[in-house]
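Here is the structure we will look at.
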Amino acid sequence: MGKKTAKFEFLLLLAVFTIATCGLVYELVAGTLASYLLGDSVKQFSLIIGVYLFSMGVGSYFAKFLCRNMLNTFVEIEILVGLVGGLSSVVLFLLFESVSYFQFILYFLVFVTGCLVGLEIPLLMNILKDRVVFRDLVSNVFTFDYIGALLASILFPLVLVPHLGVMRTSLFFGMINIGIAILLCFLLKKELRRVWLLKTKAIVSFFILLAVFVFSPAILEYSEGKLYGENIIYTHTTPYQRIVLTHKNSDYRLYLNNNLQFSSTDEYRYHEALVHPAMSMAKTVQNVLVLGGGDGLAVREILKYPTVKNVTLVDLDKDMTRLFQTNTILQGFNQNALTNPKVTVLNRDAYIWAREETKQYDVVIVDFPDPSNYSLGKLYSVNFYRTLKALLKPDAIVAVQTTSPYFAPKSFWCINKTMREVFSNVDAYHAYVPSFGEWGFSIASNNASTNFNQVHRKVKGLRFYNYDFARLNHFSKDMVAKETEVNRLDNQILVRYFDEEWGKL
């Protein structure tokens, strides 16, 4: 193979590598946005992957009909992939609150992108079939294609989303796509027909994406303003979630991945109900463990008890805990709880950390997000509760937030039943939080003789909880226990219950 042919092949393989990398990035962007905006991340990612792979097959099939000007067509596909994929996140953000057929647009964009990506390998093979030995051609094409996919899957969660955000990530990779098209136009100008037209298309497309990239913060602010209907005062994308803080009148609200986490007007109801029953019932409260709760609001309630000596907070997202350690507004909400010398903050995966921990605790407060996906569902499984049980002293008390018994009764009682598989003594209670409605909790102890109505200590100044556990322990008929299964790692039935119940709302 001559130098000219080798150069020609390398440039086209570079284009394949770029399309494969960018195509997967666009798919991940669509899946991330779907989980942010629509919730139900497991279902959305599964459908998007399915639609994307199917559309690649459709594109591969129709590639056989592209017989004329194949090299020009290949470059035009590179441009189209960059333009459609790059702008997809902008379109989705802007249209989410404006159209009733948002999901159709989402899957249509995924389908179009997949079709374009699916065209590239068959088209490239037809272009090179008379220039390169077939065996080498197939090997090289698929090698570049799969390496590109691997690179995208690594970069997306670790580098791209934390530093660029979802919208800028798709725009950035769109510019890379079109940048390769421009490179092909200049280096393969003798091979291309009407190269001036291709250059014009590529350059104009590149500057469109560049302009949108520059103004993307304003676009994102506008679209999120429509989405939340409140003044957005802080946004940040971490490797795990999108954090948005809003302000309207005297109310501050924190959203994670578009889901409300707390409202400053009534969060005290939730956190007093989560923390104070366990803290008042435990024989001692010197060493307390908090799992989740990176906002420090549960820790704030725990520190109201003067006999507390140590609080260990384990939360996965260091950007979340850092925000609540440094932001003056949020420090006011948690009363500087996360910088208190009694508090140790560990940014670890609680599932792994609990298996490695050897220390035992008097009280454990579990404030994980709702089990909306399998990654979170494992934190409500028999396996996890067995691990947690080993961290408890004989008379220790555990309190767990367990979603709404009114909106999601099967989910609520599934968690409670799962805890009964592990702990000797388990009960349930609920509290009304205006921002969320009726919200539920489960409480447990290793000691079968623990009396959940016995109060060992109180603190003054609570606004909601009055140490009358029996009042919160009564469930009306529309929140009564449903027949449910136990949540295990190998069935994750809880995630299915949660999707089914909250999906209706």
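Under UniProt numbering, the first residue of the sequence shown carries the number 1, and numbering increases by one thereafter.
Even for Gly, the Cβ is constructed at its ideal location relative to N, Cα and C.
Please read these numbers as outputs of a predicted model, since none were measured by experiment.
Give the secondary structure of residue i by DSSP, where H, G and I count as helix, E and B as strand, and everything else as coil.
i	result
G82	helix
L392	strand
G292	strand
H456	coil
G174	helix
T344	strand
S35	helix
M1	Below a pLDDT of 50, predicted positions are generally treated as unreliable, and M1, at 49, falls in that range; no measurement from the model is reported.
A399	strand
Y361	strand
D266	coil
D367	strand
S153	helix
residue 528	Outside the shown range of the chain (1 to 505) lies residue 528, about which nothing can therefore be said.
D478	helix
T450	coil
G461	coil
Y222	helix
F96	coil
P162	helix
Y146	helix
L323	helix
residue 517	This structure gives no information on residue 517, because the portion of the chain shown stretches from 1 to 505.
S46	helix
P405	coil
I need the boundaries of the alpha helix (DSSP H) containing residue i, first residue and last residue.
i	result
S375	Y374 to G377
N334	T328 to N334
L209	V195 to V214
V285	Careful: V285 lies outside any alpha helix (DSSP H) and carries neither H nor E.
A354	A350 to E356
S411	P409 to R420
N487	Run containing N487: none; DSSP gives neither H nor E here.
R253	Run containing R253: none in the alpha helix (DSSP H); it sits in the beta strand (DSSP E), D251 to L256.
V426	Looking at the DSSP string, V426 is not in any alpha helix (DSSP H); the run it does join, the beta strand (DSSP E), is N425 to V433.
N126	F102 to L128
L472	F469 to L472
Determine the extent of the beta strand (DSSP E) in which residue i is found, giving its start and end residues.
i	result
Y234	N231 to T237
K248	R242 to K248
D499	Taken as a continuous stretch (DSSP letters only), D499 belongs to no beta strand (DSSP E), being part of the alpha helix (DSSP H) at I493 to G503.
G437	G437 to S445
L260	N259 to S263
Excluding the 5 residues preceding and the 5 following residue i in the sequence, name in chain order all residues of the same chain whose CB lies nearer than 6 Å to its CB.
i	result
A15	E78 and I180
K226	E97
L220	M167
K309	Q286
D145	V16 and A20
N347	K318
S55	F111, G114 and C115
H247	N231 and I233
M1	Because the pLDDT at M1 is just 49, under 50, the model does not fix this residue reliably, and the value given afterwards should be weighed accordingly. Excluding residues within five positions, none has a Cβ falling inside 6 Å.
F368	G292 and L379
N473	Y429
Take residue i and list the residues in its own chain whose beta-carbon comes closer than 8 Å to its own, dropping the five residues that flank it on each side.
i	result
F436	L260, Y270 and S404
F464	Y268, R269, E272, A273 and A431
T321	G294, G296, L313, D315, L338, V345 and N347
E191	F8 and L71
Our contact map puts residue i next to residue j with C-beta atoms below 8 Å; I'd like the distance itself, whole angstroms only.
i	j	result
M419	V363	That belief does not hold up - the Cβ atoms of M419 and V363 are roughly 16 Å apart, past 8 Å.
Y374	V495	6 Å
K504	N446	Not confirmed; about 37 Å, so no contact.
residue 506	E357	There is no way to answer for residue 506, as the model of the chain reaches only from 1 to 505.
residue 507	G174	Outside the displayed span of the chain (1 to 505) sits residue 507, for which this structure offers no information.
R386	A337	30 Å between Cβ atoms; not a contact.
G377	N487	7 Å
V400	V422	Not a contact, Cβ separation roughly 11 Å.
L245	L256	The pair is not a contact, with the Cβ atoms about 10 Å apart (cut-off 8 Å).
I415	M281	Not confirmed; about 19 Å, so no contact.
V90	L109	Actually they do not touch by this definition, with Cβ atoms about 11 Å apart.
Here's a check: name, in chain order, each residue in its chain whose Cβ is nearer than 7 Å to the Cβ of residue i, leaving out the five neighbours to either side.
i	result
F469	P277, Y429, F452 and N453
I176	T18 and C22
L124	L12, V16, F74 and V141
A202	I79, I178, A181, I182 and C185
L489	K378, S381 and N383
L187	L11
P434	D266
A448	S424 and N425
Of all Cβ atoms in chain C, is any one closer than 9 Å to the Cβ of residue i?
i	result
K504	Absence of chain C from the displayed structure is noted, only one protein chain being present.
Review point. In chain order, which alpha helix (DSSP H) runs of at least 4 residues are fully inside the segment 295-319?
Key: 297-302
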